[in-house]
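Numbering (the numbering used here), first residue to last: 20 to 98.
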Amino acid sequence: LKMAAQTSEIDETVKKLSAHPGFGGYLIVNADGIPIRTSLDHAEAVQYAGLLTLLSTKSRAAIRELDPQNDVTFLRLRS
């Protein structure tokens, strides 16, 4: 039941985001950087997932350098 609620929440969020002008797509990756949900084709999803994994690793390292007790739990990109 909890997983179904999370899936529904994700679907609602994607629906809201896709209604915004200029929305190009979405990519959700797991902690290992593997795409788990996306609107992109497979090759694009894998490419962006790899790049996002590098960005999140560097972001986490920067945050930890500033405060070793802190961590990145959410990363939102907007362009």
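We treat Cβ as the ideally placed atom computed from N, Cα and C, and that holds for glycine.
(request) Have a look at Lys34, Glu84, Ile53 and flag the residue whose alpha-carbon is nearest the alpha-carbon of glycine 69. (result) Within the sequence shown, the letter at position 50 stands for residue 69. Comparing Cα positions, the closest option is Ile53.
(message) For a minimum of 3 consecutive residues, which ranges assigned as the beta strand (DSSP E) are wholly contained in the region 51-88?
(response) 54-57
(request) State yes or no: is the beta carbon of glutamate 28 nearer than 8 Å to at least one beta carbon in chain B? (result) Although the question refers to chain B, the structure presented lacks it and comprises just one protein chain.
(request) Determine the DSSP secondary structure at threonine 96, reduced to helix, strand or coil. (result) As a position in the sequence shown, residue 96 is number 77, starting the count at 1. Residue identity check: residue 96 is leucine in the sequence provided, not threonine. Reduced to three states, the DSSP call for leucine 96 is coil.
(request) Using DSSP bridges, identify the partner residues of valine 48. (result) Within the sequence shown, residue 48 is the residue found at index 29, counting from 1. Answer by DSSP bridge pairing, in chain order: Pro54.
(message) If contacts are defined as beta-carbon pairs under 8 Å, then leucine 96 and serine 75 qualify, I think. What distance do you get, rounded to the angstrom?
(response) For the purposes of this step, residue 96 is taken as the residue at position 77 of the sequence shown. For the purposes of this step, residue 75 is taken as the residue at position 56 of the sequence shown. Actually they do not touch by this definition, with Cβ atoms about 10 Å apart.
(message) So, for aspartate 90: in the same chain, excluding its five sequence neighbours on each side, which residues have a beta-carbon less than 8 Å away from its beta-carbon?
(response) By one-based count along the sequence shown, residue 90 stands at place 71. The residues are Arg79, Ile82, Arg83.
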